[in-house]
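Quick note: the sequence shown uses this note's numbering, first residue 276, plus one each step.
Step one of this worksheet: look at the structure below.
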Amino acid sequence: MTARYHTLIIGAGVMGLGIAYQLARRGVTNVLVVDRDYLTGGASGRNGGGLRQQWATEDNIELMLESMTLFREMTRELGVNVWLRQGGYLFLLDRPEDVEAFTRSTQLQNRHGLATRMISPREAERIAPGLSSEGLLAAAWNPSDAVVFPWSVLWGYAEALAAAGITILSRTAVTALEVKGDRIAAVVTDKGTFEADWVVNAAGAWGCEVALLAGIHCPNQPVRHEIFASEPLKPWLDPMVVHFASGLYFSQSMRGELIAGITVPSHRPGQYTSGSSYQFLSLIGRHLVRFMPRLANLRILRQWSGPYDLTPDNKPIVGPVAGAENFVQVHGFAGHGFMMAPVVARIVADWLAEGKDHPIFEHYRLDRFEKGGGEKEAFIIG
Ligand SMILES: Cc1cc2nc3c(=O)[nH]c(=O)nc-3n(C[C@H](O)[C@H](O)[C@H](O)COP(=O)(O)OP(=O)(O)OC[C@H]3O[C@@H](n4cnc5c(N)ncnc54)[C@H](O)[C@@H]3O)c2cc1C
């Protein structure tokens with residue numbers, strides 16, 4: 276006999292686990308999460324852990340204001356230390372057009388209650404000791420942005436799900452979706468077939484592949500992003516520092532490591548393969564030492580990569596789709612799905628459990644791309 280669930284979630288990344296967790300909080304525990312990999316195997320176990328409220332569009336600012344609140348409560352709520360540190364985000368700007376765009380968005384963020392401000396290169400040097408501001412025109416600074424340790428968030432969610440009696444089936448790949456009429460009638464995996472009232476596609480950068488199993492075409496493109504962790508250093512750096520033009524970012528974790536990444540221009544959207552390159556190391560080495568000369572002798576311990584999941588307007592796809600009414604898409608989060616997960620999970624679970632609507636279901640509909648997409652989010656790192 277086929278097992279039947281209220282909700283079956285494809286993908287045990289931060290998004291899938293977050294949705295299952297929020298469902299459990301609403302008393303819905305007849306939930307199954309399947310993932311073809313191990314916990315932390317997707318982008319959620321491979322990212323920089325950055326949480327920022329500095330965005331150029333109202334949707335993203337509002338979502339991140341709430342997500343930050345949820346992250347602040349997470350250690351207490353999950354009983355697992357997620358190593359949250361609100362050391363701020365410092366955007367370094369050396370192109371006039373970036374200064375203009377950040378000045379505009381700073382005003383927008385201020386209207387939403389954030390204390391973001393444009394500052395001089397000299398002031399940026401005071402916020403990030405050791406920073407060389409040579410060549411910079413200005414910086415944008417928000418002191419309440421933060422970093423977390425991504426693995427702890429996943430472990431915390433997984434433990435909470437186990438306590439609620441929700442199973443995560445790892446090493447279980449979804450291979451087919453049986454569509455009957457306008458519904459997903461069954462989810463076929465390599466470990467068996469399952470039925471559910473709701474099927475959530477939280478497969479991240481593989482979300483399009485999964486959607487295609489039901490004949491649904493999405494415009495997302497995965498792209499490889501590389502990152503490294505250094506040996507632990509004496510604590511000296513509070514903020515996440517981002518050079519907007521190159522996509523360089525670096526922060527010091529609570530464990531002392533420097534975590535840093537940069538956009539490698541030749542890693543093209545649509546060509547995702549995991550793995551690390553020398554090209555990345557040489558590019559990031561040059562940029563890092565330009566801005567933080569004291570890191571010239573830094574020893575790198577680990578280097579890895581993961582996928583960004585890009586849509587044409589840099590915004591995600593969230594909600595049901597025409598032709599498969601019980602098939603909920605939650606993917607396309609570029610390089611900011613980790614920070615958005617708590618709030619998006621809260622909204623999606625409200626809708627699945629209680630039918631509560633939210634504007635993002637309208638703003639992030641898949642069919643917006645038939646009309647050219649929504650307002651483009653410009654503040655993507657990479
Ligand atoms: C280098 C790097 C740095 C980043 N930095 C940040 C940052 O600082 N802040 C931030 O907010 N975001 C960051 N991101 C983006 C962030 O990691 C992602 O947006 C987020 O983790 C997406 O979560 P997810 O749960 O949607 O996807 P994932 O974590 O990728 O989970 C999707 C899961 O679906 C599973 N799956 C796929 N296909 C199938 C199938 N057929 N059957 C079953 N399971 C399947 C996969 O195995 C995977 O585990 C970064 C990403 C990278 C790569």
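Note that the Cβ used here is the ideal one computed from N, Cα and C, for glycine as well.
Within this structure, are the beta carbons of Y516 and L365 separated by less than 8 Å? The amino acid occupying residue 516 in the given sequence is Val; Tyr does not appear at that position. Annotated as proximal: V516 and L365, with beta-carbon spacing under 8 Å.
As a quick exercise: from L353, A278, V422 and A414, pick the residue whose alpha carbon is nearest that of M615. V422
Thinking C-alpha only, which one of Q329, P568, T391 and E434 is nearest A299? E434
What is the DSSP secondary structure of P497, counted as helix, strand or coil? The answer is strand: DSSP assigns P497 an E or B state.
By the 10 Å Cβ neighbour count, where 16 or more other Cβ atoms means buried, how is H492 classified, buried or exposed? exposed
Round the Cβ separation of G440 and T304 to the nearest angstrom and send it over; I've been treating them as touching at under 8 Å. 5 Å
Closest to L326 by CA distance: which of R458, E400 and S419 is it? S419
Anticipated Cβ contact below 8 Å, Y524 with I656, distance rounded: 6 Å
Below 8 Å between beta carbons: does that hold for L229 and S319? The chain is shown only over 276 to 657; residue 229 falls outside these bounds and no answer can be derived.
Check whether V485 and N476 have beta carbons under 8 Å apart: yes
Name the one or two DSSP bridge partners that I285 has. V309 and N476
G323 Cβ short of 7 Å to ligand 1 heavy atom set: Yes, the Cβ of G323 comes within 7 Å of a heavy atom of ligand 1.
From the DSSP output, which residues share a beta bridge with V605? V593
Apply the 10 Å Cβ neighbour rule to K466 and answer buried if 16 or more other Cβ atoms are within range, or exposed otherwise. exposed
Measuring CB to CB, does D256 end up less than 8 Å from H638? Outside the modelled stretch of the chain, which goes from 276 to 657, sits residue 256, for which no answer is possible.
Is the closest heavy atom of ligand 1 to the C-beta of G612 under 7 Å? yes
Let's test the definition: count the other Cβ atoms within 10 Å of the Cβ of K455 and tell me whether it reaches 16, buried, or not, exposed. Looking at its Cβ environment, which holds fewer than 16 other Cβ atoms inside 10 Å, K455 is exposed.
Quick one: measure Cβ to Cβ for G405 and R569, integer angstroms, because I've assumed they're closer than 8 Å. The C-beta distance from G405 to R569 rounds to 5 Å, short enough to fall under 8 Å.
Which class does H638 belong to by DSSP, given the choice of helix, strand or coil? DSSP, read as helix, strand or coil, puts H638 in helix.
Please report how far the alpha carbon of S427 lies from the alpha carbon of A287, in whole angstroms. 14 Å
Check whether chain B comes within 8 Å of S549, counting only Cβ atoms and requiring the distance to be less than that. Among the chains of the structure shown, chain B does not appear; only one protein chain is present.
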